[in-house]
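**Q** Chains as they are written, first to last, in my numbering: chain A, 186 to 590; chain B, 391 to 528. Right, I'll just put the structure down here and ask away after.
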Amino acid sequence: MADKLPEHPDFLWHNPDPKPSYDAIIVGGGGHGLATAYFLAKNHGMTNIAVLEKGWLAGGNMARNTTIIRSNYLWDESAAMYEHALKLWETLPEELEYDFLFSQRGVMNLAHTLGDVRESMRRVGANQLNGVDAEWLDPKQVKELCPILNISDNIRYPVMGATYQPRAGIAKHDHVAWAFARKCDELGVDIIQNCEVTGFVKDGNRVTGVKTNRGTINTEKVGLCAAGHSSVLAEMAGFRLPIQSHPLQALVSELHEPVHPTVVMSNHVHVYVSQAHKGELVMGAGVDSYNGYGQRGSFHVIEHQMAAAVELFPIFARAHVLRTWGGVVDTTLDASPIVGTTPVENMFVNCGWGTGGFKGTPSAGYTFAHTIATGAPHELNAPFALERFETGALIDEHGAAAVAH
Amino acid sequence: MLLISCPNCGSRDETEFHYGGQAHVPYPENPDELTDRQWAEFLFYRDNTKGSFAERWLHSTGCRQWFNMLRDTVTYDIQAIYPMGAPRPAPNTDQPADFGTASLAPDSTTTGTTGPSVASTDLGPAEPAATAPKGATQ
Ligand SMILES: Cc1cc2nc3c(=O)[nH]c(=O)nc-3n(C[C@H](O)[C@H](O)[C@H](O)COP(=O)(O)OP(=O)(O)OC[C@H]3O[C@@H](n4cnc5c(N)ncnc54)[C@H](O)[C@@H]3O)c2cc1C
Ligand SMILES: [Zn+2]
Numbered sequence: 186m187a188d189k190l191p192e193h194p195d196f197l198w199h200n201p202d203p204k205p206s207y208d209a210i211i212v213g214g215g216g217h218g219l220a221t222a223y224f225l226a227k228n229h230g231m232t233n234i235a236v237l238e239k240g241w242l243a244g245g246n247m248a249r250n251t252t253i254i255r256s257n258y259l260w261d262e263s264a265a266m267y268e269h270a271l272k273l274w275e276t277l278p279e280e281l282e283y284d285f286l287f288s289q290r291g292v293m294n295l296a297h298t299l300g301d302v303r304e305s306m307r308r309v310g311a312n313q314l315n316g317v318d319a320e321w322l323d324p325k326q327v328k329e330l331c332p333i334l335n336i337s338d339n340i341r342y343p344v345m346g347a348t349y350q351p352r353a354g355i356a357k358h359d360h361v362a363w364a365f366a367r368k369c370d371e372l373g374v375d376i377i378q379n380c381e382v383t384g385f386v387k388d389g390n391r392v393t394g395v396k397t398n399r400g401t402i403n404t405e406k407v408g409l410c411a412a413g414h415s416s417v418l419a420e421m422a423g424f425r426l427p428i429q430s431h432p433l434q435a436l437v438s439e440l441h442e443p444v445h446p447t448v449v450m451s452n453h454v455h456v457y458v459s460q461a462h463k464g465e466l467v468m469g470a471g472v473d474s475y476n477g478y479g480q481r482g483s484f485h486v487i488e489h490q491m492a493a494a495v496e497l498f499p500i501f502a503r504a505h506v507l508r509t510w511g512g513v514v515d516t517t518l519d520a521s522p523i524v525g526t527t528p529v530e531n532m533f534v535n536c537g538w539g540t541g542g543f544k545g546t547p548s549a550g551y552t553f554a555h556t557i558a559t560g561a562p563h564e565l566n567a568p569f570a571l572e573r574f575e576t577g578a579l580i581d582e583h584g585a586a587a588v589a590h
Numbered sequence: 391m392l393l394i395s396c397p398n399c400g401s402r403d404e405t406e407f408h409y410g411g412q413a414h415v416p417y418p419e420n421p422d423e424l425t426d427r428q429w430a431e432f433l434f435y436r437d438n439t440k441g442s443f444a445e446r447w448l449h450s451t452g453c454r455q456w457f458n459m460l461r462d463t464v465t466y467d468i469q470a471i472y473p474m475g476a477p478r479p480a481p482n483t484d485q486p487a488d489f490g491t492a493s494l495a496p497d498s499t500t501t502g503t504t505g506p507s508v509a510s511t512d513l514g515p516a517e518p519a520a521t522a523p524k525g526a527t528q
């Protein structure tokens with residue numbers, strides 16, 4: 186007779202049925218929703234709250250991203266937000282009592298044109314003024330840090346240098362979600378999967394409940410953390426968001442010996458590459474140009490990305506693609522997120538993180554929880570208000586964020 | 391990769407085209423009278439429809455002409471292709487995606503004087519969509 190299977194490991198969270206009413210409901214069980222719930226419970230003592238997820242936990246962008254974490258953004262507002270997140274990343278494994286393999290192996294952003302070089306040097310200067318660790322590397326230093334990079338100048342987009350942030354790196358995204366979920370559960374937060382929000386109950390302009398496929402649930406407050414589906418939820422609530430949802434793809438190769446010591450990104454040729462702990466090469470592409478909710482993108486985008494990757498890393502030429510997949514990212518026109526109040530009373534929104542919100546997960550949760558609990562933004566997210574599209578106080582991070590992460 | 395039927399050139403790979411975002415968003419008629427809120431709407435707010443979406447495409451490496459397309463943003467199914475300036479047709483999901491051939495579309499740059507050449511029998515009655523004000527071209 187075959188040996189008995191080992192016992193199933195303990196579940197990290199329970200699967201409670203929704204209660205009739207909560208003090209706050211978070212819509213979306215990705216990283217941002219879970220982090221928000223965690224900080225609501227931990228920093229603001231709000232434990233009678235629920236996270237509603239239409240599918241399974243972290244089944245959206247959270248476990249589809251390429252896990253790059255960095256804080257070298259250009260403007261003061263973004264540097265403050267992302268650096269706050271990076272500092273939290275450094276302490277969260279201990280705080281959440283979960284080693285999600287945050288690896289500070291550094292991130293390099295390549296420059297391929299004179300325009301890139303100037304923009305990158307400007308960004309390094311701005312970063313240093315904001316206390317963000319940033320350096321400019323010439324091509325020889327690039328090669329020393331990442332020997333598999335081709336720095337010859339006879340390729341289509343030669344490497345003319347790079348910015349480098351040593352404290353940046355990667356983490357295991359699904360474990361990050363589980364780490365937050367376990368702590369949320371311990372603190373009394375209800376994590377409710379397979380619960381899709383289909384509408385809102387309002388009293389005048391004030392939200393008082395959410396309609397779901399598992400019934401109507403009353404709530405004092407609602408926080409939207411639905412990433413690519415934010416516009417759909419806003420429309421249900423009766424307001425608009427300046428967001429366009431696009432497919433964004435990534436892929437992995439089969440497992441290889443460790444060959445790639447850091448993370449390399451190139452905005453110009455739309456590719457970013459790291460090697461996961463197990464050995465897969467993890468690569469991300471640019472978005473498909475059209476709006477899409479299909480969680481899949483076009484093959485020509487991948488083809489373009491692979492061409493660039495193979496030119497930059499000639500040793501990848503014989504690696505095989507193992508899996509490709511796509512997510513739905515919520516882009517804004519200034520490539521910065523929206524975290525704050527909405528035109529609907531007691532409803533708050535965290536969205537617009539687009540192609541690069543994994544790195545922001547801790548500070549999105551931290552500042553959004555503050556906003557929900559107190560009804561007003563934290564000083565870190567105040568500039569990221571929805572109103573900036575009306576006042577014109579945009580935070581243009583296309584140089585630092587554009588396609589990249 | 392989408393296979394897109396340019397009204398002038400016929401079926402071509404998506405890589406020959408450039409995406410132009412939501413269709414039927416007219417330039418404000420009285421720009422100097424707009425409030426900041428209205429400017430914000432015009433500059434930064436576009437529909438982000440999950441489902442049938444009217445959008446503009448440019449055949450940038452072909453005839454270099456703009457045209458409109460009705461496409462499902464979940465299945466990516468192309469439901470109609472019609473000239474600039476024509477009102478948004480009703481989606482017809484029975485039609486194959488490549489019915490909008492050159493012979494059916496007179497001039498993709500028309501600005502509203504020519505009716506939607508593909509709408510008459512193929513697409514059923516054109517519905518006056520709220521998002522398609524008269525004379526909207528860009
Ligand atoms: C391919 C790819 C690569 C990326 N690479 C990076 C990277 O390297 N670095 C980086 O910083 N960022 C990266 N990102 C971006 C990052 O993943 C996102 O910005 C971030 O995950 C968004 O926050 P989230 O985790 O809460 O989103 P999600 O995980 O998408 O969470 C939103 C959740 O809301 C749920 N939802 C939607 N509608 C409803 C409803 N009606 N009712 C209930 N639930 C609902 C969804 O099912 C989903 O689980 C990448 C994204 C993709 C797709
Ligand atoms: Zn053409």
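C-beta atoms are modelled at their ideal positions from N, C-alpha and C, and glycine is treated no differently.
Give me the DSSP bridge partner(s) of A520 of chain A.
**A** Walking along the first sequence from the start, residue 520 of chain A turns up at place 335. DSSP output for A520 of chain A lists no bridge partner at all.
**Q** Determine the contact status of R352 of chain A and Q289 of chain A, defining contact as a CB-CB distance below 7 Å.
**A** The residue given as residue 352 of chain A occupies position 167 in the first sequence. The residue given as residue 289 of chain A occupies position 104 in the first sequence. Taking 7 Å as the Cβ cut-off, R352 of chain A and Q289 of chain A qualify as a contacting pair.
**Q** At which residues does the alpha helix (DSSP H) containing T576 of chain A begin and terminate?
**A** Residue numbering aside, residue 576 of chain A sits at position 391 when the first sequence is read from its first letter. First-last of the alpha helix (DSSP H) with T576 of chain A: 573 to 576.
**Q** Is E262 of chain A close to chain B, meaning its C-beta is less than 7 Å from at least one C-beta of that chain?
**A** To locate residue 262 of chain A, count along the first sequence from 1; it is residue 77. E262 of chain A does not count as touching chain B.
**Q** Quick one: does the C-beta of H505 of chain A sit closer than 6 Å to a heavy atom of ligand 2?
**A** Within the first sequence, the letter at position 320 stands for residue 505 of chain A. Outside the cutoff, so no.
**Q** Distance, Cα to Cα, E480 of chain A vs P432 of chain A?
**A** By one-based count along the first sequence, residue 480 of chain A stands at place 295. By one-based count along the first sequence, residue 432 of chain A stands at place 247. According to the sequence provided, residue 480 of chain A is Gln. The question's Glu does not apply to it. Straight-line Cα distance between these residues: approximately 6 Å.
**Q** Just how far apart, CA to CA, sit Y258 of chain A and V456 of chain A?
**A** Residue mapping note: residue 258 of chain A aligns to position 73 of the first sequence, counting from 1. Residue mapping note: residue 456 of chain A aligns to position 271 of the first sequence, counting from 1. The alpha-carbon atoms of Y258 of chain A and V456 of chain A are separated by roughly 18 Å.
**Q** In whole angstroms, what is the alpha-carbon distance linking A347 of chain A and F543 of chain A?
**A** Here residue 347 of chain A refers to the residue found at position 162 when the first sequence is read from its first residue. Here residue 543 of chain A refers to the residue found at position 358 when the first sequence is read from its first residue. So the alpha carbons of these two residues sit roughly 22 Å apart.
**Q** Quick test of your reading: I580 of chain A and P568 of chain A, contact by CB under 8 Å. State the CB separation rounded to the nearest angstrom.
**A** Numbered from its first residue, the first sequence carries residue 580 of chain A at position 395. Numbered from its first residue, the first sequence carries residue 568 of chain A at position 383. That pair is a contact at about 6 Å.
**Q** Could you work out which residue in A:T546, A:F484, A:Y478 is closest to V513 of chain A when comparing CA atoms only?
**A** Against the first sequence, residue 513 of chain A aligns to sequence position 328. Of A:T546, A:F484, A:Y478, the residue nearest in Cα terms is A:Y478.
**Q** At the 7 Å Cβ level, is V588 of chain A part of the contact set with chain B, yes or no?
**A** Within the first sequence, residue 588 of chain A is the residue found at index 403, counting from 1. In this prediction, V588 of chain A scores a pLDDT of 49, lower than 50, which makes its location untrustworthy; the coordinate-derived value is nonetheless stated afterwards. Not closer than 7 Å to any Cβ of chain B, the Cβ of V588 of chain A fails to qualify, so no.
**Q** What do you reckon, are the CB atoms on E373 of chain A and T232 of chain A nearer than 7 Å?
**A** Taking the first residue of the first sequence as 1, we reach residue 373 of chain A at position 188. Taking the first residue of the first sequence as 1, we reach residue 232 of chain A at position 47. Rather than Glu, the amino acid found at residue 373 of chain A in this sequence is Gly. Yes; because the gap between Cβ atoms is below 7 Å, this pair is in contact.
**Q** Taking the straight line between their C-alpha atoms, what separation do you get for S337 of chain A and D323 of chain A?
**A** For the purposes of this step, residue 337 of chain A is taken as residue 152 along the first sequence, with counting starting at 1. For the purposes of this step, residue 323 of chain A is taken as residue 138 along the first sequence, with counting starting at 1. Rounded to the nearest angstrom, the two C-alpha atoms are 13 Å apart.
**Q** Could you list the residues in the region 473 to 498 of chain A with a C-beta less than 8 Å from some C-beta on chain B, going in chain order?
**A** Under the 8 Å Cβ criterion, the region 473 to 498 of chain A contributes S474, Y475, N476, G477, Y478, G479, S483, F484, H485.
**Q** Does at least one heavy atom of ligand 2 sit under 6 Å from the Cβ of N398 of chain B?
**A** Sequence index remark: in the second sequence, residue 398 of chain B carries index 8 (1-based). Yes, the beta carbon of N398 of chain B sits closer than 6 Å to at least one heavy atom of ligand 2.
**Q** Is the beta carbon of E530 of chain A sitting closer than 7 Å to the one on N312 of chain A?
**A** Along the first sequence, one-based indexing puts residue 530 of chain A at 345. Along the first sequence, one-based indexing puts residue 312 of chain A at 127. No, the Cβ-Cβ distance between E530 of chain A and N312 of chain A is not below 7 Å.
**Q** What is the DSSP secondary structure of W241 of chain A, counted as helix, strand or coil?
**A** Stepping through the first sequence from its first residue, residue 241 of chain A is reached at position 56. Of the three classes helix, strand and coil, the one that applies to W241 of chain A here is coil, per DSSP.
**Q** Determine the direct distance from the alpha carbon of F501 of chain A to that of I340 of chain A, and round the result to whole angstroms.
**A** Counting from 1 along the first sequence, the entry for residue 340 of chain A is found at position 155. Counting from 1 along the first sequence, the entry for residue 501 of chain A is found at position 316. One C-alpha to the other measures close to 16 Å.
**Q** Between V344 of chain A and L330 of chain A, which are expected to be in contact by the criterion C-beta below 8 Å, what is the C-beta distance as a whole number of angstroms?
**A** Looking up residue 344 of chain A in the first sequence gives position 159. Looking up residue 330 of chain A in the first sequence gives position 145. The pair is not a contact, with the Cβ atoms about 12 Å apart (cut-off 8 Å).
**Q** Under the rule that 16 or more other beta-carbon atoms within 10 Å means buried, what is F574 of chain A, buried or exposed?
**A** Locating residue 574 of chain A in the first sequence gives position 389, counting from the first residue. When all chains shown are included, F574 of chain A counts as buried.
**Q** Excluding the 5 residues preceding and the 5 following C225 of chain A in the sequence, name in chain order all residues of the same chain whose CB lies nearer than 7 Å to its CB.
**A** Numbered from its first residue, the first sequence carries residue 225 of chain A at position 40. The question names Cys, yet the displayed sequence has Leu at residue 225 of chain A. A209, M231, I234, A554, I557, A558, listed in sequence order.
**Q** Would you mind sorting L393 of chain B into buried or exposed? The rule is 16 or more other CB atoms within 10 Å of its CB.
**A** If you number the second sequence from 1, residue 393 of chain B lands on position 3. Burial call: exposed.
**Q** Residues of chain D with a CB under 9 Å from the CB of D426 of chain B: which are they?
**A** Absent from the structure: chain D. Protein chains present are A and B.
**Q** Please state whether the Cβ-Cβ distance between L237 of chain A and I377 of chain A is less than 7 Å.
**A** Sequence index remark: in the first sequence, residue 237 of chain A carries index 52 (1-based). Sequence index remark: in the first sequence, residue 377 of chain A carries index 192 (1-based). Going by C-beta atoms, L237 of chain A is nearer than 7 Å to I377 of chain A.
**Q** Got a sec, what are the start and stop residues for the alpha helix (DSSP H) Y223 of chain A sits in?
**A** Residue numbering aside, residue 223 of chain A sits at position 38 when the first sequence is read from its first letter. First-last of the alpha helix (DSSP H) with Y223 of chain A: 216 to 229.
**Q** Return the CA-CA distance between N398 of chain B and Q429 of chain A, expressed in angstroms with no decimal places.
**A** The residue labelled residue 398 of chain B in the question sits at position 8 within the second sequence. The residue labelled residue 429 of chain A in the question sits at position 244 within the first sequence. Taking the straight line from one Cα to the other gives about 29 Å.
**Q** Do V417 of chain A and K373 of chain B come within 7 Å of each other at the CB atom, strictly closer than that value?
**A** Absent from the model: residue 373 of chain B. The displayed extent of chain B is 391 to 528, so no value can be given.
**Q** Anything in chain B within Cβ reach of V417 of chain A, meaning under 7 Å, just list it in chain order.
**A** Here the question's residue 417 of chain A lines up with position 232 in the first sequence. Near V417 of chain A (Cβ distances below 7 Å), the residues of chain B are K440.
**Q** Going by DSSP, name the residue or residues bridged to H408 of chain B.
**A** In the second sequence, counting from the first residue as 1, residue 408 of chain B sits at position 18. DSSP, once it has assigned bridges, lists B:L448 as partnering H408 of chain B.
**Q** Looking at V486 of chain A: is its Cβ nearer than 7 Å to the Cβ of V467 of chain A?
**A** Residue 486 of chain A sits at position 301 when you count from the first residue of the first sequence. Residue 467 of chain A sits at position 282 when you count from the first residue of the first sequence. In this structure, V467 of chain A does not lie closer than 7 Å to V486 of chain A by Cβ.
**Q** For a contact defined as C-beta to C-beta under 8 Å, what are the partners of I428 of chain A on chain B?
**A** Counted from its first residue, the first sequence places residue 428 of chain A at position 243. What I428 of chain A touches in chain B: N438.
**Q** With a threshold of 16 other CB atoms inside 10 Å of the CB of I468 of chain B, please say whether the residue is buried or exposed.
**A** Your numbering for residue 468 of chain B matches position 78 in the second sequence. It is buried - the Cβ of I468 of chain B has at least 16 other Cβ atoms within 10 Å.
**Q** Within its chain, find whatever has a CB closer than 8 Å to the CB of H297 of chain A; leave out the 5 residues flanking it on each side and keep chain order.
**A** By one-based count along the first sequence, residue 297 of chain A stands at place 112. Same-chain partners within the cutoff: Y342, P343, V344, M345, S451, H453, V454.
**Q** Would a check of beta-carbon distances place L409 of chain A closer than 7 Å to chain B?
**A** Here residue 409 of chain A is taken as the residue at index 224 of the first sequence, counted from 1. Cβ-Cβ to chain B under 7 Å: no for L409 of chain A.
**Q** Could you tell me whether the Cβ atoms of P455 of chain B and D437 of chain B are closer together than 7 Å?
**A** Mapped onto the second sequence, residue 455 of chain B falls at position 65. Mapped onto the second sequence, residue 437 of chain B falls at position 47. Per the sequence shown, residue 455 of chain B should be read as Gln rather than Pro. No, they are not a contact pair.
**Q** Strictly below 9 Å CB to CB, what residues from chain A border T463 of chain B?
**A** In the second sequence, the residue the question calls residue 463 of chain B occupies position 73. Correct list: S430, Y475, N476, G477, Y478, G479.
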